[in-house]
Amino acid sequence: MEYSIHAPNPFICKNLPRLLPDWSQPVRSVLVVLQPSQLELMQVTPETDAQKQQLRQRFLEFGLKIVCKLRQLGYLADLFDPRTGQPLLSQAGTLRLDDVAVVRSTLGYSTTQFGNCCSILHPHWGSAVYPSILISSAESSQVKSAIVEVEGLLETHHSLSGCGSLTE
């Protein structure tokens, strides 16, 4: 898993009310999470669908722990479902977040088109990459601290709780 923390791009800043209508604070950081896939994810097959679901679940487990930590510190934070482009814990707006576009704008990675699907071209993994996005009102340093703490908890098999629920 690779991740990087960025300032929000102009699209996120301009469209925050349409992405997260109940947020009262500006987005100050965008966490981009990239996971390598065992398969190129451009085609729709039972194998790629299963791989996407596995990587999505891994991101949700990791991301929810970070969101929980940031919320405990008083920040707004949410992750966007890579499958739908909608926030998981906040009220959904009228606009969906395009994780591929966010990765392209923050990291400058190329993309490729296959039918209606646009995919990131990772410099080492090619199109065998699964992008995911978490946004927060916290500064990047607080997000980094939350990640370090969560990674430590994951390594020792502890868990965080009390931060909301997923209903799926």
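Count the sequence shown with the numbering used here and you get residues 926 to 1093, in order. Using N, Cα and C, we set each Cβ at its ideal position, and we do this for glycine too.
Residues that DSSP places opposite residue i in a beta bridge
i, result
"Leu-1046", "Ser-1035"
"Phe-1005", "Pro-1012, Ile-1058"
"Ser-929", "Val-957"
8 Å Cβ cutoff met for residue i and residue j
i, j, result
"Ser-954", "Val-1025", "no"
"Gly-1040", "Glu-965", "no"
"Glu-951", "Gly-1018", "Glu is not the amino acid found at residue 951; the sequence shown has Pro there. Not closer than 8 Å, so no."
"Ser-962", "Gln-982", "no"
"Ser-1062", "Leu-1001", "yes"
"Ile-1058", "Leu-1004", "yes"
"Leu-959", "Pro-1056", "yes"
Where residue i sits in the DSSP three-state scheme
i, result
"Val-952", "coil"
"Gly-1077", "helix"
"Gly-1051", "strand"
"Asp-1024", "helix"
Supposed close pair residue i, residue j - CB separation, criterion 8 Å
i, j, result
"Ser-1044", "Met-967", "5 Å"
Residue i CB to nearest heavy atom of the ligand GTP below 7 Å
i, result
"Ser-1061", "Of ligands this structure carries none, so the ligand GTP is not represented either."
Alpha-carbon to alpha-carbon, residue j and residue i
i, j, result
"Phe-987", "Gly-1033", "24 Å"
"Thr-973", "Cys-938", "33 Å"
"Ser-1066", "Thr-970", "40 Å"
"Leu-1014", "Ile-1072", "19 Å"
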